[in-house]
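First up is the structure itself, then whatever we jot down about it.
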Amino acid sequence: MRISVPTETAPREQRVALAPDSVARLVKQQKLDVVVQRGAGLRAGFRDDSYVAAGATIVPDAASALGGSEIIAKVQPPTSDEITRMDTGAALLCLLRPGQSGELVPTLARRGVTALALELVPRITRAQSMDILSSQSTVAGYKAVLIGASSLGKFLPMLTTAAGNISPAKVFIIGAGVAGLQAIATARRLGAVVSAFDVRPAAREQVQSLGASFVANDLVNASAEAAGGYARAQTQDEQTRTLAAIAGHIKDMDLVVSTAQIPGRAAPQLITAEMVSSMRAGSVIVDLAAETGGNCVLSKPGDTVQANDVTIIAPLNLPSTVAFHASQMFGRNILELLKHLVRDGALTIDANDEITGAMLMTHEGKVLR
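Going by the numbering used here, the sequence shown opens with residue 1, and the numbers climb by one from there.
Right, here's the structure in full:
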């Protein structure tokens, strides 16, 4: 069975779907053939010779990579041109942006491609090793703090110098999911005083275990957690109380990293213009929810703006900026998924399986979701 890895063509995308370490395991342990388009891993720090050493075959162009493969592994959704080069009956594993994909999914169905959305890996114990959203959120949470620290006109740690003592910066993390927890851990490692907010009971314990203080304990609600461990959408009363708690805390912060998102919906707006105007001059907001609308009402996705002497950064595709390790983690998730899908050397698509079925967007010419 042949698996192909084409070069990513989407803007700002530097990752590759399979790094050489995962290719080596697919070749040696799963006995699969892997073809990689020339230069596909270069922007992530993987030369072609590292893929050859792992057992892959290098092909010269996208047509050679996409055609003749039973499985195609990508990071970003394919272009219409890439879809026309896929064989009918091929399986595509990539991010597909369910609910935002427009004509992409029907086009894949018409081509006869079986498409599995990597965002839809269910959050169950046996699928944890396949969870690409979690692995890439880890990268984003880490990098967000570094971006914020580099834009802040202060040290993060407390310093004792010949010029006197320097107080540590105050960092506030909104949303304590995977990205938020990694942001907390990173800010703590850099020496900041860290606080965090979330409405889920499990998040409070996780925040405190990392050495951060938890904001607004009274807003934690056992019913706030929806399926998959995500926060559910709040009622109007809950939103009002949440905004009041954030407003009371944010005014004294130096760096704010917001990570709150709700699957399939626009990100909740948790930082108002009034909150921004209350913050200290020179403080920084890094809005990790920019790709789904942003947590700050003043965020401009993909841009950095100044408002009332506060810097608001709304990065897109942040994991791509740590392409080497992001690609390794992405590839290991794909590897674990392929272990589930490929049995005795053959691809098995079982729509009734709790993992495969949850991810299927198209199969046998039909749009499934």
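All C-beta atoms, glycine included, are put in the ideal place defined by N, C-alpha and C.
Check	Outcome
The ligand ATP heavy atom lying under 7 Å from the CB of arginine 188	Ligands in the displayed structure: none, and consequently the ligand ATP is not present.
Cα-Cα separation between glutamate 13 and alanine 117, rounded to whole angstroms	18 Å
Cβ neighbours of glycine 191 in the same chain (closer than 7 Å, five flanking residues each side left out)	Leu156, Pro157, Met158, Pro168
Continuous beta strand (DSSP E) assignments of at least 3 residues falling wholly in the stretch 27-83	33-37, 57-59, 71-73
Alanine 273 to glutamine 306 span [Cα, whole Å]	12 Å
Those residues which DSSP pairs with leucine 116 across a bridge	Leu93, Leu360
Counted within 10 angstroms of its Cβ, other Cβ atoms place alanine 351 as buried (16 or more) or exposed	exposed
Cα-Cα separation, glycine 55 to lysine 366	35 Å
Inter-residue CB distance, isoleucine 334 and leucine 32 (contact presumed, cutoff 8 Å)	Between leucine 32 and isoleucine 334 the Cβ distance is about 12 Å, and since that is not below 8 Å, they are no contact.
Proline 6 and phenylalanine 46 closer than 8 Å at C-beta	no
Nearest-angstrom beta carbon gap, alanine 245 and asparagine 202 [assumed within contact, 8 Å]	The displayed chain sequence assigns alanine, not asparagine, to residue 202. The pair is not a contact, with the Cβ atoms about 19 Å apart (cut-off 8 Å).
Pairwise C-alpha distance: isoleucine 349 and valine 207	39 Å
8 Å Cβ cutoff met for alanine 314 and methionine 275	no
Proximity winner among Pro98, Glu336, Gly102, Ile147, relative to leucine 26 (alpha-carbon distances)	Glu336
Three-state secondary structure (DSSP) of phenylalanine 324	helix
Three CB pairs or more closer than 8 Å across the stretch 103-122 and the stretch 85-95	yes
Isoleucine 246: first and last residue of the uninterrupted alpha helix (DSSP H) it sits in	236-250
Rounded separation between isoleucine 262 and asparagine 295 - CA only	11 Å
Residues of its chain near threonine 79, where Cβ-Cβ distance is below 8 Å and the 5 sequence neighbours each way are ignored	Thr9
Exposure of glutamate 205, with buried meaning 16 or more beta-carbon neighbours within 10 Å	exposed
Rounded straight-line distance, which links the Cα of alanine 281 to that of lysine 154	12 Å
Per DSSP, cross-strand counterpart(s) of threonine 292	In DSSP, threonine 292 forms no bridge with anything.
Every unbroken alpha helix (DSSP H) within the stretch 161-235, with a cutoff of 4 residues, ordered by chain	178-189, 201-209
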